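> In UniProt numbering, the protein residues as written are 1 to 283. Note that the Cβ used here is the ideal one computed from N, Cα and C, for glycine as well. The structure presented is a predicted model; accordingly, all values stated were derived computationally and were not measured. Below are the structure tokens for one structure; questions will follow.
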Amino acid sequence: MIQQASSHLAKKLEVEFHKKLLAAAIAQLDNAGDPLAVNSFCSTVRELIRHVLSFLASDEEIKKCPWFQPDSTSRTGITRSHAVHFIVCGGLTEDYVTTQLEIELPEIKKELSSAIKVLNKFTHLNEATFNIPIAEFEPQAISVINALTEVLDLGQDCRAQLTQSLAHRIEKGVVSAAISETLLAINEIATHHSVEFIDIEEIEVVSIGSTEIEISVHGNIEVELQWGSNSDVKNDTGAVANDSFPFRCMITSHTTEPEETHIETDHLQIDTSDWFGDQDDEY
1 MIQQASSHLA
11 KKLEVEFHKK
21 LLAAAIAQLD
31 NAGDPLAVNS
41 FCSTVRELIR
51 HVLSFLASDE
61 EIKKCPWFQP
71 DSTSRTGITR
81 SHAVHFIVCG
91 GLTEDYVTTQ
101 LEIELPEIKK
111 ELSSAIKVLN
121 KFTHLNEATF
131 NIPIAEFEPQ
141 AISVINALTE
151 VLDLGQDCRA
161 QLTQSLAHRI
171 EKGVVSAAIS
181 ETLLAINEIA
191 THHSVEFIDI
201 EEIEVVSIGS
211 TEIEISVHGN
221 IEVELQWGSN
231 SDVKNDTGAV
241 ANDSFPFRCM
251 ITSHTTEPEE
261 THIETDHLQI
271 DTSDWFGDQD
281 DEY
């Protein structure tokens, strides 16, 4: 069970050093003859949590969040609760993620806090915390590891839920931008063009920062291409054809108003390389 829990967490860790800390902590529990095995495990995992939170939620970014209020009990004004909030949902408010995304942020904060209390208890050596049987401690070890895993999992859930919540607005924004603006890449192909249909294949919330949300969109845009004027077409000296091209774009919104998405036309990139017979071009 402990190996399964640690394996799940290891897959979520982005830094090699963090993975090594986790492996070292688990190795401590394999040493049944060491009376300090549990204590060493707890000390290492406590440091692992500190490093992970610091890596994913810097003090500078936390302070930029609209929801941030310094905690008077902390020397820096920043607490572990602030870090968990940022990792899960960036600058989005707790009220928004709870009511709109149905993510129980207070609960996950509570679970990690409970895990830290366990780690603190066994890190501070005294007679009651010395030579703890590993088999007896294993359920708590699993619970501690799962608490950090759940923070990271919830961060992914938040992005998935936000994507679903904003999908309709994003689709409308992409369509509006494509229809209302001249698409320069397509202008290089034909005299005139008109957008017939936009097929959005994927929407992904790339990041939720302290103040800005970045969303990646890609799909295909179907257009009618026209060479020459309407009179040229009528007189058979022009031509009309239909084609489709892959596109991608980046959309942004503010964490205080996540549903107000913005797309700049120069962020709408259309890949016309196939038209020119160059399939290796990147767009």
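Which of the three DSSP states is assigned to D71 in this structure?
Residue numbering aside, residue 71 sits at position 71 when the sequence shown is read from its first letter. Note: D71 maps to coil in three-state DSSP.
> Looking only at C-alpha atoms, which of I186, K64, D199 and N146 sits nearest to W227?
Position 227 of the sequence shown, counted from the start, is the residue given in the question as residue 227. Nearest option by C-alpha distance: I186.
> Note down the Cα distance separating T98 from A241, rounded to an integer number of angstroms.
Locating residue 98 in the sequence shown gives position 98, where the first residue counts as 1. Locating residue 241 in the sequence shown gives position 241, where the first residue counts as 1. Their Cα atoms are separated by approximately 49 Å.
> What's the gap between the Cα of F137 and the Cα of H254?
Within the sequence shown, numbered from 1, the residue matching residue 137 stands at position 137. Within the sequence shown, numbered from 1, the residue matching residue 254 stands at position 254. Straight-line Cα distance between these residues: approximately 45 Å.
> Measure the CB-CB distance between I215 and V223 and report whether it falls below 8 Å.
Locating residue 215 in the sequence shown gives position 215, where the first residue counts as 1. Locating residue 223 in the sequence shown gives position 223, where the first residue counts as 1. The answer is no: Cβ separation not under 8 Å.
> Within 10 Å of its beta-carbon, does N235 have 16 or more other beta-carbons around it, so buried, or fewer, so exposed?
For the purposes of this step, residue 235 is taken as the residue at position 235 of the sequence shown. By the 10 Å Cβ count, N235 comes out exposed.
> For the alpha helix (DSSP H) containing L101, name the first residue and the last one.
The count along the sequence shown starts at 1 and reaches residue 101 at position 101. First-last for L101: undefined, no H or E at that position.
> Buried or exposed: T237, going by 16 or more other Cβ atoms within 10 Å of its Cβ?
Sequence index remark: in the sequence shown, residue 237 carries index 237 (1-based). Under this definition T237 is an exposed residue.
> Please list, in chain order, all residues of the same chain as S194 whose beta carbon is under 7 Å from its beta carbon, the five residues on each side excluded.
Position 194 of the sequence shown holds residue 194. Cβ within range, chain order: V223 and E224.
> When the Cβ atoms of the region 10-23 are set against those of the region 114-128, are three or more pairs found closer than 8 Å?
The region 10-23 is not in contact with the region 114-128.
> Excluding the 5 residues preceding and the 5 following G173 in the sequence, name in chain order all residues of the same chain whose CB lies nearer than 6 Å to its CB.
Position 173 of the sequence shown, counted from the first residue, corresponds to residue 173. Closer than 6 Å at the Cβ level, and outside the excluded window around G173, lie T261 and I263.
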